[in-house]
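Just below is one structure, and these are the notes that go with it.
Protein chains in written order, with this note's numbering: chain Y, -11 to 251; chain X, 447 to 931.
Right under this line is the structure:
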């Protein structure tokens, strides 16, 4: 009896790892690239300028600031993109990067139209799903009773991750595909690089969903209650003033009076 | 009656004179900035963070200062960089309690202006221009040394709590009301608790820059009178390294309170920002002021008294402490001829060389293989240790005896010695014979052994006696001959 259970458990664990490449990798492998996609990819590679990330400066920030998010180092994306990755939009980059603490890259950028994904908490270190619970949210669950304790630190390695048929769709740095890509980037030809880059990005959306996708009760791209939020926490997420501000002012170039943000 | 009501009204009103909660965020900045992880990497590759740790800010030195008191021009989003600039010399909305004057760091800025660090930035400071400051400025800005640290340093927290527990009874007898305690009590107590930084922390601040030898080599100095620019001296470049070799530096390294920190000597008075060059007459480290500087705070008090100035001449940044000198041409090193150790040892070195040359010359010119005859002390040795008569007495006695008699005596003595020697040879032969013969019963052996031993003993004693009687008359004629000659 126990012997059978052991075999079943072992096979189950193996199947998890065998299937660990997930939907994203399947999509990469199944993508047939067009000439235009490859040419665009070549241009992007030529245009790209490496940013030399500085070490700590001798002049420290005056205020006590945040630290680098260690969980990003487990994502394949930061093998090429900076960590934190969002740099272009002066208006949204800090808020986008703030979300990388608890949302996997693929959650926002891998949104296949023909597949139904579901979203769960995952430990990015080992890919294990984490049971949904209210403790995983920044906003404390009982803040009404303890107004002094409104927020708490997030868990450093738990992220909301897309799953397809019980498998996480994310690509990890430890995956063979990611390591092969790293080798190719060092020794490969320009054409090989362009093809690899194009195939990695083909299944992805460059632009993530709008803030309202999660912060509006009517849209619910992510079902925060299914992720463990209680009613109080869900209400705080749906009524976030910053999300409401970005919903009102979408123009990248406009500057808005701060007093109007807080309305 | 009306008067009584009025007094009662004032009395009741006095209960409401209370410190309201302090809003450090009246403009709502923390609505966004309190979020963790508002990070990005800017176009220069610098990791930036827009997050303000709100808990830390509330307990920091600027915890009661609203953001807009410093970042005055921030009115829109995204913030224009120039609108976020901070001027540390500007007055803020905090009022000095006794006179109601708005507080400002401008006094500190005026002090800095007189110092060697006068060109450091004190305004126009933004989160984005730290890299520019690092790459272009050699003088420190305010933020290079000061960050918004906790109001009560962690190391002083327990001490502060203990003092604060007594504050309500000690200070509260006169200064009643939460307003006083809340706004000023903590501030005054904090000052009473003592310095925020200990000597190690003080030094770390200076060594952070001055300990970077390569960075110090890049410094350009300017002559105050001629305004001529020149590279720094090696003494300046190595100032941090040489200091750590001194007793002061080593005491501080050993966590002792007795070591003098950089600030203790270079800015000893209450104002810690007016660090002047040692060539400046107003500098605490100018040679004329060292008596005062070294004598401060009961350190070396005697240096203030006339005649003790020499003590202050101990060089705290001497390059000789570092052993940096090349030994290729040691005598050409300028520091060598300025060293008191070297000048003190010079006469001894000259004397040593003369002695060595003299010894060599003697060895070459006057060395002989003749027996060295003691000229001094030999007579005393013979009298005291051997028990002979003094040399003069022996010479006198020898002069009295006729020469022939001595010869006869000498012949007799020689004969006696010859006989004795023959007896000894016989005894030795007998002993050898005994050893060669086979073993006999123990009793006989014992008897025979005793006999041989007795003979040997008697013979040896006889020889000693004879030698003693011979030695004196044998030498006497020779010595008398010497004395005669």
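Ideal Cβ positions, reconstructed from N, Cα and C, are used throughout, including at glycine.
{"Check": "Cutoff 6 Å; reference residue 66/Y; Cβ partners in own chain excluding five residues on either side", "Outcome": "60"}
{"Check": "Cβ neighbours of residue 854/X in the same chain (closer than 8 Å, five flanking residues each side left out)", "Outcome": "For residue 854/X, the pLDDT reaches just 49, beneath the cut-off of 50, and the residue's location in the model is therefore unreliable, although a value from the coordinates is still provided. Here the set comprises nothing."}
{"Check": "Residue 230/Y: first and last residue of the uninterrupted alpha helix (DSSP H) it sits in", "Outcome": "229 to 236"}
{"Check": "Straight-line Cα distance separating residue 482/X from residue 55/Y", "Outcome": "9 Å"}
{"Check": "Reference residue 501/X; option with closest CA among 691/X, 785/X, 594/X, 613/X", "Outcome": "594/X"}
{"Check": "Segment contact, 8 Å Cβ cut-off, at least three pairs: the region 751 to 758 of chain X with the region 717 to 731 of chain X", "Outcome": "no"}
{"Check": "Same chain, Cβ closer than 8 Å to residue 679/X, neighbours up to 5 away in sequence not counted", "Outcome": "none"}
{"Check": "8 Å Cβ cut-off: residues of chain Y touching residue 594/X", "Outcome": "50, 51, 52"}
{"Check": "Separation of residue 249/Y from residue 229/Y, as counted between CA atoms", "Outcome": "7 Å"}
{"Check": "Residue 485/X versus residue 195/Y - alpha carbon distance", "Outcome": "19 Å"}
{"Check": "6 Å CB neighbourhood of residue 686/X in its chain, flanking five on each side removed", "Outcome": "653, 656, 657"}
{"Check": "Residue-chain proximity (residue 484/X, chain Y), Cβ-Cβ < 7 Å", "Outcome": "yes"}
{"Check": "Beta-carbon proximity of residue 694/X to residue 706/X, cut-off 7 Å", "Outcome": "yes"}
{"Check": "Helix, strand or coil at residue 570/X according to DSSP, with G and I counted as helix", "Outcome": "strand"}
{"Check": "Proximity test, Cβ basis, 7 Å: residue 467/X and chain Y", "Outcome": "Reliability of the predicted coordinates at residue 467/X is poor, the pLDDT of 45 falling under 50, and no value is obtained from them."}
{"Check": "Amino acids of chain X, ordered along the chain, whose beta-carbon sits closer than 8 Å to that of residue 198/Y", "Outcome": "Ordered by position in chain X, no residue passes the 8 Å Cβ test against residue 198/Y, which lies about 18 Å from the chain."}
{"Check": "Check whether residue 151/Y and residue 108/Y have beta carbons under 7 Å apart", "Outcome": "yes"}
{"Check": "Backbone secondary structure at residue 766/X - three-state DSSP", "Outcome": "helix"}
{"Check": "Residue range of the beta strand (DSSP E) that includes residue 147/Y", "Outcome": "146 to 152"}
{"Check": "Contacts around residue 662/X, its chain only, beta-carbon distance under 6 Å, and the 5 residues preceding and following it disregarded", "Outcome": "683"}
{"Check": "Coarse secondary structure for residue 89/Y, derived from DSSP in three states", "Outcome": "coil"}
{"Check": "Interface positions of the region 793 to 804 of chain X facing chain B (Cβ-Cβ less than 8 Å), listed along the chain", "Outcome": "This model lacks chain B altogether; the protein chains it does include are Y and X."}
{"Check": "Residues bridged to residue 117/Y [DSSP beta-bridge criterion]", "Outcome": "110/Y"}
{"Check": "Contact the region 97 to 104 of chain Y vs the region 514 to 526 of chain X: 3+ CB pairs below 8 Å", "Outcome": "no"}
{"Check": "Pick from 768/X, 531/X, 735/X that is closest to residue 589/X, judged by C-alpha positions", "Outcome": "531/X"}
{"Check": "Contact test: residue 32/Y Cβ vs the ligand FMN heavy atom, cutoff 6 Å", "Outcome": "In terms of ligand content, the structure shown is empty, and the ligand FMN therefore cannot be addressed."}
{"Check": "Separation of residue 762/X from residue 689/X, as counted between CA atoms", "Outcome": "6 Å"}
{"Check": "Residue-chain proximity (residue 184/Y, chain X), Cβ-Cβ < 7 Å", "Outcome": "no"}
{"Check": "Boundaries (first-last residue) of the beta strand (DSSP E) holding residue 486/X", "Outcome": "485 to 487"}
{"Check": "Which residues DSSP lists as bridging residue 493/X, in chain order", "Outcome": "487/X"}
{"Check": "Three CB pairs or more closer than 8 Å across the region 63 to 80 of chain Y and the region 155 to 163 of chain Y", "Outcome": "yes"}
{"Check": "Residue 704/X classed as buried or exposed, judged by whether at least 16 other C-beta atoms fall within 10 angstroms", "Outcome": "exposed"}
{"Check": "Buried or exposed by the 16-neighbour rule on C-beta atoms within 10 Å, applied to residue 84/Y", "Outcome": "buried"}
{"Check": "Backbone secondary structure at residue 540/X - three-state DSSP", "Outcome": "strand"}
{"Check": "Helix, strand or coil at residue 249/Y [DSSP, three-state]", "Outcome": "helix"}
{"Check": "Cβ-Cβ separation, residue 182/Y to residue 252/Y (assumed contact under 8 Å), whole Å", "Outcome": "Only positions -11 to 251 of chain Y appear in the structure, and residue 252/Y is not among them; the question remains open."}
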